[in-house]
Amino acid sequence: MAVPAYDANGNLVAEQQPTGTDTYTWGYENELLTVFEPDGTLVTMTYDGDLKRRKRAEGAGWTTYLWDREQVLMELNKTGTTTVRYTQAPRGYGDMISQRRSSASTYWHFDAIGSMRFLTAADQSKAINYVYDAFGITRSVSGTTTNRFRYIGKLGYYLEPALGCYYLRRRYYVHWLGRFLSKDPIRRGGENAYGYVRNAPTRGVDPSGQIPLWPWDPGYPPPPGGGGAPWTVPCEVKCAPLLALGPVPGAIWYAECVWGCKHGPWPPGFELKGLHDWCDVDCERWENRCILGMGLATLACVAGCKTLAKYGEVALAACEIACGVGGLAAAHECTKLASECRGHMAQCDKCGPG
-2 MAVPAYDANG
8 NLVAEQQPTG
18 TDTYTWGYEN
28 ELLTVFEPDG
38 TLVTMTYDGD
48 LKRRKRAEGA
58 GWTTYLWDRE
68 QVLMELNKTG
78 TTTVRYTQAP
88 RGYGDMISQR
98 RSSASTYWHF
108 DAIGSMRFLT
118 AADQSKAINY
128 VYDAFGITRS
138 VSGTTTNRFR
148 YIGKLGYYLE
158 PALGCYYLRR
168 RYYVHWLGRF
178 LSKDPIRRGG
188 ENAYGYVRNA
198 PTRGVDPSGQ
208 IPLWPWDPGY
218 PPPPGGGGAP
228 WTVPCEVKCA
238 PLLALGPVPG
248 AIWYAECVWG
258 CKHGPWPPGF
268 ELKGLHDWCD
278 VDCERWENRC
288 ILGMGLATLA
298 CVAGCKTLAK
308 YGEVALAACE
318 IACGVGGLAA
328 AHECTKLASE
338 CRGHMAQCDK
348 CGPG
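Quick note: the sequence shown, position 203, residue 200 per this note's numbering, numbers continuous.
As structure tokens, then:
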């Protein structure tokens, strides 16, 4: 079998199939534009400015997709008639609830990681059943109901029928190979730019096609409205011990810690005790940010000590010394956690090429 061919950006442009060669063309933003199949079928994709797929054309027919942020709400044919309407919970990715197609509604039922196991009709009878392996290959299916949201369908993985792979918003995931057709555009998925969730499909998902999400990730599953889960409540509790440093330095360090909680994703202070749980952290960037934040907090702490001058030079000096000691301790903590981060990332990379 011929070796797959890639362009200069690492996009797959030719791949040998049992019946011939599939050829692909790509756009300026590394978005898949066309697929030419061995039987002469040409599939064309059109995207909007956010690189969401808006139209898919195949032969004389085409499908237009109507989006609401990260959700596909409807599919329309070339005459503008709605062919299927989807209902989802108000979350960043998913949760898919039902589809209405050909005047009939069916309802999804998902497993723990988000793969659709069966559809039920309005009378609660099972319309179709699926069983998958870890990477999404369908091992068994019973029933014939049309359904595009199968493997991790809860989060919007859309089965592309002509290509036999899943559309994950930014990229296409080839489940029978356990990898993407193109490179990760922001390099957040590990050393292997084509890899899928670091070869850990029973633990991670990648609904954006760019950034894997893990069960310990505050953004997994994404909360209503998208984005990551709020850090504020648990972080305010974890930052509370800083108040023991005293009324002035304690308040300043606490405020710095809580600010970090709100502006993460790797906030300074006590919240970073969980840094080693992540497998997708720029350790150098975080260390620089952490030390800078702690330095600014130290300066603010020293400035705040001026309010104690009325109690005498001894009180002022004690406050400034406390600020300095706290700043050095915080910088040391930043360096120590960054070192742990680098060690953990090295272990992450040993888990597999993805």
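Each residue gets a CB set at the ideal place from its N, CA and C atoms; glycine is no exception.
Given 8 Å, three or more beta-carbon pairs between the region 323 to 337 and the region 281 to 301: Here the region 323 to 337 makes contact with the region 281 to 301; the two share three or more CB pairs at distances below 8 Å.
Quick one: Cα of glutamate 12 to Cα of serine 336, how far? As a position in the sequence shown, residue 12 is number 15, starting the count at 1. As a position in the sequence shown, residue 336 is number 339, starting the count at 1. Those two C-alpha atoms are separated by around 42 Å.
N- and C-terminal bounds of the beta strand (DSSP E) containing cysteine 162: Mapped onto the sequence shown, residue 162 falls at position 165. Per DSSP, cysteine 162 belongs to the beta strand (DSSP E) from 162 to 165.
Go to glycine 17, then tell me how far its beta strand (DSSP E) extends in each direction, as first and last residue. Here residue 17 refers to the residue found at position 20 when the sequence shown is read from its first residue. That run of the beta strand (DSSP E) goes 17 to 23.
Per DSSP, isoleucine 125 is paired with what? The residue you call residue 125 lines up with position 128 of the sequence shown. DSSP, once it has assigned bridges, lists Leu116 as partnering isoleucine 125.
Would you check if the region 54 to 63 and the region 166 to 181 touch, i.e. whether three or more CB-CB distances between them fall below 8 Å? No, because fewer than three Cβ pairs between the region 166 to 181 and the region 54 to 63 fall closer than 8 Å, the two stretches do not touch.
Would you list the residues sitting across from tyrosine 83 in a DSSP beta bridge? The sequence position of residue 83 within the sequence shown is 86, counting from 1. Looking at the DSSP assignment, tyrosine 83 forms a beta bridge with Gln96.
For serine 139, does the three-state DSSP call read helix, strand or coil? Within the sequence shown, residue 139 is the residue found at index 142, counting from 1. Strand at serine 139.
Quick one, are the C-beta atoms of cysteine 316 and leucine 305 less than 8 Å apart? Along the sequence shown, read from residue 1 onward, the residue named residue 316 stands at position 319. Along the sequence shown, read from residue 1 onward, the residue named residue 305 stands at position 308. In contact: cysteine 316 and leucine 305 (Cβ atoms closer than 8 Å).
So, under 8 Å CB-CB, leucine 156 and tyrosine 163 are touching, yes? Tell me the CB distance rounded to an integer number of Å. The count along the sequence shown starts at 1 and reaches residue 156 at position 159. The count along the sequence shown starts at 1 and reaches residue 163 at position 166. Their Cβ separation, rounded to whole angstroms, is 6 Å, which keeps leucine 156 and tyrosine 163 in contact under 8 Å.
Residues that DSSP places opposite phenylalanine 132 in a beta bridge: Here residue 132 corresponds to residue number 135 of the sequence shown, with the count starting at 1. The bridge partners DSSP lists for phenylalanine 132 come to none.
Once DSSP output is grouped into helix, strand and coil, what is the label at alanine 294? Residue numbering aside, residue 294 sits at position 297 when the sequence shown is read from its first letter. In the structure shown, alanine 294 sits in a helix (DSSP, three-state: H, G or I).
Count the other C-beta atoms from every protein chain shown that fall within 10 angstroms of the C-beta of glycine 224, then say buried if there are 16 or more, exposed otherwise. Walking along the sequence shown from the start, residue 224 turns up at place 227. Note that glycine 224 has pLDDT 37, beneath the 50 cutoff, so the model's placement of it is unreliable and no number is given.
Since proline 182 and arginine 195 should fall inside the 8 Å C-beta cutoff, what is the C-beta to C-beta distance between them, to a whole number of angstroms? Taking the first residue of the sequence shown as 1, we reach residue 182 at position 185. Taking the first residue of the sequence shown as 1, we reach residue 195 at position 198. Distance from proline 182 to arginine 195 at the Cβ level is roughly 17 Å; contact not present, criterion being Cβ atoms closer than 8 Å.
Using only the alpha-carbon positions, how far apart do proline 238 and proline 204 sit? Along the sequence shown, one-based indexing puts residue 238 at 241. Along the sequence shown, one-based indexing puts residue 204 at 207. Distance between proline 238 and proline 204, taken at the CA atoms: about 37 Å.
Please classify serine 102: does DSSP put it in a helix, a strand, or coil? As a working mapping, residue 102 is identified with position 105 in the sequence shown. Correct three-state label for serine 102: strand.
Which residue's Cα is closest to the Cα of glycine 65: Thr78, Asp47, Asn74, Gly77? On the sequence shown, residue 65 is found 68 positions in, with the first residue counted as 1. In the sequence as presented, glycine is not what sits at residue 65; that position holds aspartate. Per the Cα distances, Asp47.
Is the CB-CB distance between alanine 119 and serine 102 below 8 Å? Along the sequence shown, one-based indexing puts residue 119 at 122. Along the sequence shown, one-based indexing puts residue 102 at 105. Cβ distance < 8 Å, so alanine 119 and serine 102 count as in contact.
How far does the beta strand (DSSP E) with glycine 11 in it reach, from first residue to last? Residue 11 sits at position 14 when you count from the first residue of the sequence shown. Per the sequence shown, residue 11 should be read as alanine rather than glycine. Its beta strand (DSSP E) spans residues 9 to 14.
Have a look at Lys307, Thr117, Val311 and flag the residue whose alpha-carbon is nearest the alpha-carbon of phenylalanine 107. In the sequence shown, the residue the question calls residue 107 occupies position 110. For phenylalanine 107, the closest alpha carbon among the candidates Lys307, Thr117, Val311 is that of Thr117.
What are the boundary residues of the beta strand (DSSP E) that glutamine 207 is part of? Counting from one through the sequence shown, the residue named residue 207 turns up at place 210. Taken as a continuous stretch (DSSP letters only), glutamine 207 belongs to no beta strand (DSSP E), as it is neither H nor E.
Where do the N-terminal and C-terminal ends of the beta strand (DSSP E) with glutamate 55 fall, by residue? Reading the sequence shown from its first residue, position 58 is the one you call residue 55. Per DSSP, glutamate 55 is one residue of the beta strand (DSSP E) stretching across 50 to 55.
Supposed contact pair isoleucine 149 and valine 202 - C-beta distance, whole angstroms, cut 8 Å: Locating residue 202 in the sequence shown gives position 205, where the first residue counts as 1. Locating residue 149 in the sequence shown gives position 152, where the first residue counts as 1. The Cβ separation is near 6 Å, so the contact holds.
Helix, strand or coil: which one does DSSP assign to tyrosine 308? The count along the sequence shown starts at 1 and reaches residue 308 at position 311. Secondary structure at tyrosine 308: helix, using DSSP grouped into helix, strand and coil.
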